[in-house]
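Asker: Dumping the structure here so I can ask a few things about it.
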Amino acid sequence: MPGETFKEYVDSLSYGSRTDLLFKFLKNLPEEAAERFLQSLLRELGEVVDTGDLSSLFDLIYEAQLAGYSPPDEETRWKYEDAPFAPLKKPLSEMRVGLLTSSGHYVLGQPHAPPELAEYSQEEGTRHIGEYGRAKPFLSAVPVDTPQERIGVHQPGYDIRAALKDRETVMPIDRMGEMEAAGVIGEFARTAYSFIGLTSQIRLTKEDAPAWAEKAKTEGWEAAVLVPV
Amino acid sequence: MSVGHVSRAFEAAGIPTVIVMSNVFRGRVLAMKPARVLFTRHIMGRPLGAPFDVERQAHVLRESLRLLESATEPQTALLLPDAYRTAPR
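The listed protein sequences correspond, in order, to chains A and B.
Just so we're aligned, residue 1 is where the first sequence starts under this note's numbering, counting upward by one.
Just so we're aligned, residue 1 is where the second sequence starts under this note's numbering, counting upward by one.
So this is what it looks like as structure tokens:
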């Protein structure tokens, strides 16, 4: 836009007029680092045109995301002194193991968000992230025999393109089933769960996460694989 | 860092957990002192691997389960060395 600064351009990628959830981290970088990243991105794209080798491009994005999501220690909001740790009581090959993710997967046709957010599309959700941050966490049950084509994703906190193409990128239901078949785990709990990770952390900590743990226990979970995005 | 909070609640309730996640969020989750966490050198939103990269997804999950079973103390963290890739053709 006429008169727009580079900083304003970069900021617009993070829940602004040019929202791009894969590159929203650029807003967290110093302006010079963001400039270097974009210049390097163009250079690597120029290489890919000739070589078809994407590895350097992936490395560039990964390293920039690592820098963008590494806050200075004093800016880390959630810090704890204690470290809860539950030891395993028996081999995994004898345990029922559950799966829970913050990827926002849900079964199509089923409720997938708090009522006040349920009508938003993924794109609309990116324009209302403040509401998500205040919302009560919502847990979706996903029976593990649900076919991929009956699963949707709603989570305006991250780039969901991979999760839509293949849930296994972040919600590895089929891979867990294979671990059960191979005897690595005793049993894969028949219902997996997912929630919209962009939610009220206070409510999650004080109310919902402890309630979900009790629910998991009633369903016989003896261990859990947890996957954030 | 929602899953960090879920992990802490599950551990406190006696359910052992392993978190499987991209290393790009490393600093944020380690500040929460997770019980066990396996990091991958993958781009955000693809912690297990790229779409349809069954081999990588299985490898990540297998290593996660190995970590879940072998860790004997809190804050056991492991970074897998494999860089992000698309599914082999």
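All C-beta atoms, glycine included, are put in the ideal place defined by N, C-alpha and C.
In chain B, what lies closer than 7 Å to E94 (chain A) by C-beta?
Answerer: By Cβ distance, chain B contributes nothing, its closest Cβ being about 11 Å from E94 (chain A), past 7 Å.
Asker: What is the DSSP secondary structure of M1 (chain A), counted as helix, strand or coil?
Answerer: The answer is coil: DSSP assigns M1 (chain A) none of H, G, I, E or B.
Asker: By the criterion of Cβ-Cβ separation under 9 Å, what are the contact partners of S102 (chain A) in chain B?
Answerer: Those are S2, V3 and V6, listed as they occur along chain B.
Asker: Helix, strand or coil for F233 (chain A), going by three-state DSSP, please let me know.
Answerer: Look at the range of chain A in this structure, 1 to 229, and you will see that residue 233 (chain A) is not part of it.
Asker: Quick one: give me the first and last residue of the beta strand (DSSP E) that F39 (chain B) is part of.
Answerer: Element bounds for F39 (chain B): R36 to R41.
Asker: For S102 (chain A) versus V6 (chain B), is the C-beta distance shorter than 9 Å?
Answerer: Yes, they are a contact pair.
Asker: So, helix, strand or coil for I196 (chain A), using DSSP?
Answerer: The answer is strand: DSSP assigns I196 (chain A) an E or B state.
Asker: Distance, Cα to Cα, V142 (chain A) vs R85 (chain B)?
Answerer: Roughly 28 Å between the two C-alpha positions.
Asker: Run down chain B in chain order and give the residues with a C-beta less than 7 Å from the C-beta of A209 (chain A).
Answerer: Simply H5, V6 and A9.
Asker: Among the residues of its own chain, which have a CB less than 6 Å from the CB of N28 (chain A), if the five just before and after it don't count?
Answerer: Same-chain partners within the cutoff: G68.
Asker: Leaving aside the five residues before and after E11 (chain B) along the sequence, list all residues of the same chain whose C-beta is less than 7 Å from its C-beta, in chain order.
Answerer: Counting only Cβ-Cβ distances below 7 Å, and skipping sequence neighbours, we find T17 and A35.
Asker: Quick one: is P16 (chain B) near chain A, going by C-beta distance under 9 Å?
Answerer: Closer than 9 Å to some Cβ of chain A, the Cβ of P16 (chain B) qualifies, so yes.
Asker: So for G4 (chain B), helix, strand or coil by DSSP?
Answerer: If DSSP states are grouped into helix, strand and coil, G4 (chain B) belongs with the helices.
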